[in-house]
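Contents: one structure, followed by commentary.
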Amino acid sequence: NLPPIYANFVQLQQTFFNILTNAEQALIHQNSLNQSLEITVKVWKESNHIRIDIMDNGPGIPQNVLDKIFQPFFTTKPTGQGTGLGLSLAYDIIKAHEGDLKVETTTAQEGEGSVFIIQLPIV
């Protein structure tokens, strides 16, 4: 029972794909710890927007990387395994929809992971 939003379905699909792919890759990298791997998506109405949280229980994002993750061509992946455009494109798409994209993360507690928070305005 969510209210409608104006959005380009294909662009939002690309945004979710990019964020979910990064979460999956972080979890696969962590899998050597033999932990339960989880990605959770929650969607709800909050004030005058729809909020979408994409959470994982991966290793989190180091503080020295956090300020760069939405920059074009920034990647922590080995050469040939990523262009560094996924999160940059996701950020630009959400901003073009007059929304907001931010990340909260912790590396203090193993398995607490990251949450990408998307907010999109309601019609």
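Note that the sequence shown ends on residue 178 in the working numbering; no numbers are left out.
Even glycine gets a Cβ: it sits at the ideal position worked out from N, Cα and C.
For residue i, the first and last residue of its enclosing alpha helix (DSSP H)
i	result
K97	First-last for K97: 94 to 101, but that is the beta strand (DSSP E), not the alpha helix (DSSP H).
L121	118 to 121
Residue i (DSSP reduced to helix, strand or coil)
i	result
K53	This structure leaves residue 53 out entirely; the chain is present only between 56 and 178.
L140	coil
H152	coil
L175	strand
I4	Outside the displayed range of the chain (56 to 178) lies residue 4, so it cannot be described from this structure.
I83	helix
Q68	helix
N56	coil
A62	coil
I124	coil
Per DSSP, the bridge partner or partners of residue i
i	result
E159	V170
D111	I94, S169
Alpha-carbon spacing of residue i relative to residue j, whole angstroms
i	j	result
E167	P114	7 Å
F64	L144	15 Å
G139	I116	15 Å
I148	L175	11 Å
Q136	H104	35 Å
V170	T160	6 Å
Q126	V96	24 Å
F129	D122	10 Å
H152	L67	9 Å
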